[in-house]
Amino acid sequence: MFGPVRRAAGAALVALTVAAGLSAPGGPAGAAPAAACPTAAANAATATARARACKSRVELLDRRSERDQVFANPNGSYTLETSTVPRRVRGTDGSWAAVDTTLRSIGGRVRPLATAADLDFSAAGAGAMARIATAGGALSLTAPWTLPAPVLSGSRATYADVLPGVDLVLSARPDGFAETLVVRTRESLPRLRTVTFGVDTALTLTPQGGGFVAADARGRTVFTSPAPKMWDSSGGSGGVGAPRSPDGPAEGDRVAGIGLKVGEPGLTLTPDRALLDDPAAVLPLYIDPQVDAGRQDWAMISSGFPDEEYYNFDGKSDEGSGYCDVRLESQCNRNQVKRLIWEFAMPTAVHGTTILGATFRAWETNAWDCTADWVEAWQVGAVSTATNWNNHAGTWSRGLSAVNIARRSGCANGPGWLDFNVNPAVVDAAAGRWATVAIGLKAGAENTMPGSWKRFRNDAQLLITYNTPPSVPDSPATIGTSQRVGCDTVGRVNATDGVSFAATARDVDAGATVLARFEWQNVTAGTAVTALEDTPSVSPPHEFQASLPASSLPDGQTIQWRVRAFDGIDNSDYTPWCRFVVDNRTPGQPSITAPQLPPFPAGPPAGAQIGSTVTATFGPAAGDTDITGYYYGIGSIETAPTIWVPAGFDGRATAPLVPVASGLSKNFLTVVAVDSAGNRSPVAPTAPDAPGARQFRANAAGAVTPRPGDATGDGRADVTLPVDAGGGQATLWRWNATSGGDGLAGPAAVQDVEVRYPVATTRTVQGDFDGDRLSDVAVLTPDGANVRLSVQRSTANALLGAPAQILTGWNIANVKLVAGNFDGDAAGRTDIAVIHNDGNATFSIRVLLANGSPGAPTFAAPATWYTHPAGWADWVNMKTFAGDFDGDGRVDIGYLYQYPNCQTKMWVHYGTPGGFETAGLKWDSGAGAFCWAAADLVTGDFDADGRGDVSLLYDLGGCTATLMPFYGNADRTVTSPGRAWTSAAGSWCGGRTALSTAGTTGIAALYRVGTGFQLRGYTFGAAGRSFGPPVLAYRGAVGPRGTVADANLVLGATGSASSSAPSDWGWSLPAAIDGVSGGLGWSSWSDVDNPHTEWIELVLPEPGRVGRVVLFPRGDPTAVGNNFPSDFTIEVFDGTAGTTVVSRTGYPFPASAAGHHFTFPPRDATRIRVTGTNLQLMQFAEIEAYSG
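If you use mature numbering (1 follows the signal peptide of the UniProt record, and there is no 0), the sequence shown corresponds to residues -31 to -1, 1 to 1157, in order.
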């Protein structure tokens, strides 16, 4: 019982050990009776709540495993208890039972009652000797002999005389099995010079470290085998050759290595000939390759045998530690120091957490005597099958703690657990996100046996109490009297009613509660940082707010604040400082310039008529330098300003206006200016011509033919679309059709720019739902377990909400919308058809018939007009559309349907009174010809023949697109001329376009440029059954309030440079013109050691007038402003010659990542060049150009 010693004599054993993960053929453990304060709960949230209420720890049952248990503690922390060996097994019914290796004959095989793998042994015969399986794979071993029926005793099955004088013993273990040949006579030894075991497995076996690993198809190790060894029976406390357990060598046994060959026909063992043939070897001999699965990494190392491995204690249940002195114990064989090592997996749940305590626990089975002696725990290197004294003793890097005790039967302290504080090692492992951590035990005095010798079991444990700190709060924002602003820039807010700081705190620990800790500082006044009172603690995620009174916020001063979360144990890190400027100044009333709308009572020009769009320009009052846009209202009476138009850099905005009253009646226009702090100018009293107000006359409307999409009443389709507002939200914007061709007026947010819809859960469709000949927008959104339908009806200028209807029991995720006058009512009201996902690969068409009146849209209850046969059409593969494609006066419904292998078909259900026909196939792309996901579609009567048509914008890949129209015919066929237009290669990227009808028969395509809010609007004019190329009708930016309206003219540009850093470093020229100022952008790279000249030149995608260039310096935290040129020029080229418009020498080093604006008189431009001189590097995060 004292260590490896080398002595002669005896008999022989041959052993093969196999081990694995967990399974449990045995029955379930008994369930504990219910208690008011249970000891376990199903999940973390429940366990944490119960632990806090009961003030005692509660186990998380969903985290229990064979080796691990996790407990929720009353203070919100968790404790992980992990063991090196399985402690429990899960049964087939989900219950847990203690490991029980007792063998029984079950179903023609020999099986243990509860072990860590699906394990069985032979009941007799020539089949598999032993089979083991885990979730990762299975492995069977076949003996080279026919096996007799075994004798079962506890965990062992003994197959007597498989060879004369040789018994086979298979032993079930908690994590696998051991196979041992017990050689009792020397006559059998020559037959064991090589032994081959057949292997049956789908795993790949690869030699490693003298043993092998078995891995699955993804390379993940399922089973491992250390280098095999053999030993005789010359040692042991019972004397030479005494009966013993076949689990492993005893102290003093002679040990030698075994050759192992992996391959056909299996595992071939070649025992050491010197020991095998030595007549002095004491029988039995052990020949021992092992196979293990799961985590079983523990080992002993011995200074007396420094190049030998004792992985997993050579199969023994305990091992010695300390100094083994041959003068005191002859079985030591030689003087030696023994140390023990255990390696534990570090679950990812512990990574990055705060370690509150870590205890290593080992069971001491024996000591030299009853005198207390020190034993030390150390942080050590990892364990492997090759671990020995020579390669491991030098890894004992840090002493952690020590315990002074002796545990021995008959002493005051019998065998039992020793606990060691290993907190520093586990802290490092958690912070470093290590996969494992290894702990070693050594004697405090390694030079004396009485003062050091102890034995420890292999089933050591590691207990870790940890807490996951809350995340750094996100979405910080300052809420003032006027607006809410984010913290990505220095915002401005009105603070006349005080401000609130807001941020959302989160914690990954289920059931946790958190509070927020805010602090603030007046930067302008230089006051000390002041902490605000902690908020109440609530369950995350939660947006916390803290307030400051107006008295603490002087006008014009800069304030900063930050926040961190606290979960009762740990604080998160602080958010970055969030800065804002207090701006309580009210803007002046804006100017109105509108030559087409002379003040009342002047007569109206010919172009000013009801339904037709005219434009007005709004400008800032004198002294207002930060106007971001304007709200306005127009009506036959004074109308609240709710329509938003954004301003450009100059504070001016062009607004589309539609007169609504004619003759001597007045139209009333009211305009309010809004500054960057959200402050609004006062609403002006109505007057014929005054700042913020205008009264004017208009002519009556001419004869107009109603047209789908016409929101103003001029007989032309306008473009009304939900447009990205950031954060997964969208706002409704409109581009009115102009009187000339298929042009577009500038955009306006017709429902207030602050009204937003979640993109993922909102469905919209357009139509004249109230019969007033103006196109409205129907919006469907979730409403609890139902769907809410609201109509935003057009007033010709604004969209105003009508009372909503609830569609009970509907799910927005199952809704696709089309619109049309399905019942053909004389009032011309548009109905809504819902193509509804009914599951089981089918759908239904549910129609909501419009039955309201002008100004009061309502709908009848939905009625099912068509149900598709089950199993024939998967709703997710449909892109739906509607139109009267055969011209019979009834609206039809069609869809593009996705088939495998990039095949798409067009199907149409023709309308009937109160229903729809079975779909007919109208077009088949053929396999591999048309990928459904790459198409966007729009419907309209593009050839003006009274029948509906469909046009597809198809992404060809490589940022190239093509327009493909399909025209409806009276005989219910469709005709397609193929590609009507194809973009230049690389100029039109898929997924960036929203389509709409426009004007009379045209198509509008709103194309998102870059990654910000910049848009370009193109129109395709129709001529018969063809389309002209796209014409640029609009370019600018629409987004949240504060977005500058001006178009960034270099988005989509091409360019060149004097030199460029390699793109794999993160720099590139396109990155400097992609609309993102926070990235690395472009860098020169020609001569970083000597002053020289560098340039970057950009060719505009379309010629334009440029009067402003914005250069953004680097903004990465450790290099803000680096390599921004000090001496530079900006040149503008008009196609024939270049002009230097900006020249700077000694320009200051940028203090932030904000853009630097350089303005000059606008010039026609086709390209722009920035040249830097006397520099080593020139770098820009982004370059922008605007008209003024």
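Ideal Cβ positions, reconstructed from N, Cα and C, are used throughout, including at glycine.
Computed from a prediction, not measured in an experiment: that's the story for all the values here.
Reduced DSSP category for residue i - H, G, I as helix; E, B as strand; rest coil
i, result
"ASP87", "strand"
"ALA519", "helix"
"GLN452", "coil"
"VAL319", "helix"
"ASN790", "coil"
"GLU156", "helix"
"GLN300", "helix"
"ASN359", "helix"
"VAL728", "helix"
"PRO442", "coil"
"PHE899", "coil"
"ARG59", "strand"
"LEU30", "helix"
Nearest residue (CA-CA) to residue i, options the options
i, options, result
"ASP136", "PRO143, ASP144 and GLU148", "GLU148"
"VAL191", "MET315, THR175 and THR730", "THR175"
"ALA963", "LEU984, ALA765 and SER945", "LEU984"
"GLY712", "LEU701, THR730, ALA686 and TRP343", "ALA686"
"ALA782", "GLY617, GLY797, ILE804 and ALA771", "ILE804"
"SER1053", "GLY1035, ILE270 and GLU345", "GLY1035"
"LEU818", "ASN281, TRP957, ALA832 and GLN514", "ALA832"
"PRO1060", "GLU1071, ARG1077, ASN1092 and PRO1086", "ASN1092"
"THR689", "VAL734, VAL583, SER1121 and ALA1154", "VAL734"
"ALA954", "TYR936, THR988 and THR1023", "THR1023"
Assigned exposure category for residue i - 16 Cβ within 10 Å defines buried
i, result
"PHE1118", "exposed"
"TRP779", "buried"
"HIS837", "buried"
"LEU865", "buried"
"PRO882", "exposed"
"LEU1144", "buried"
"LYS24", "exposed"
"ILE1152", "buried"
"TRP386", "exposed"
"PRO716", "buried"
"CYS6", "exposed"
"HIS1126", "exposed"
"ALA120", "Note on residue identity: the sequence assigns Val, not Ala, to residue 120. So VAL120 counts as exposed."
Spatial neighbours of residue i in its chain, beta-carbon cut-off 6 Å, leaving aside the 5 residues before and after
i, result
"VAL(-27)", "The predicted model places VAL(-27) with a pLDDT of 27, which falls under 50 and marks its position as unreliable; any figure quoted below should be read in that light. For VAL(-27), where only same-chain residues beyond five positions count, the Cβ hits under 6 Å are GLY204, GLU220, GLY221, GLN300, CYS301 and ASN302."
"residue 1160", "Outside the shown range of the chain, which is -31 to 1157, sits residue 1160, and nothing can be said about it."
"VAL550", "ARG461 and THR527"
"ALA225", "MET199, ASP241 and LEU244"
"GLY915", "GLY856"
"GLY1141", "GLU1063, PRO1094, PHE1097 and MET1147"
"VAL483", "PRO439, ALA474, ASP476, PRO509, ALA534 and ASP536"
Start and end residues, alpha helix (DSSP H) containing residue i
i, result
"ALA1014", "No alpha helix (DSSP H) contains ALA1014, which DSSP labels as neither H nor E."
"THR15", "13 to 23"
"ALA398", "392 to 400"
"LEU244", "242 to 245"
Contact test: residue i Cβ vs the ligand FAD heavy atom, cutoff 7 Å
i, result
"TRP546", "Absent from the structure shown: the ligand FAD. Ligands present: none."
Sequence-distant residues of the same chain with beta carbon closer than 7 Å to residue i, five excluded per side
i, result
"CYS380", "CYS339"
"GLY77", "ALA92"
First and last residue of the uninterrupted beta strand (DSSP E) at residue i
i, result
"residue 1171", "Outside the shown range of the chain (-31 to 1157) lies residue 1171, about which nothing can therefore be said."
"VAL558", "The sequence as given places Gln at residue 558; Val does not occur at that position. No beta strand (DSSP E) holds GLN558; DSSP gives it neither H nor E."
"GLY854", "Sequence inspection shows Phe at residue 854; the Gly mentioned does not correspond to that position. It is not in any beta strand (DSSP E) - PHE854 carries neither H nor E in the DSSP assignment."
"ASP462", "Note that residue 462 is Val in the sequence shown, not Asp. First-last of the beta strand (DSSP E) with VAL462: 460 to 462."
"LYS198", "198 to 200"
"VAL138", "135 to 142"
Sequence-distant residues of its chain with Cβ nearer than 8 Å to residue i (five each side left out)
i, result
"SER1029", "TRP1036, SER1037, LEU1038, TRP1051, SER1052, SER1053 and TRP1054"
"SER581", "VAL627, PRO628, ALA670, THR681, ASP683 and SER708"
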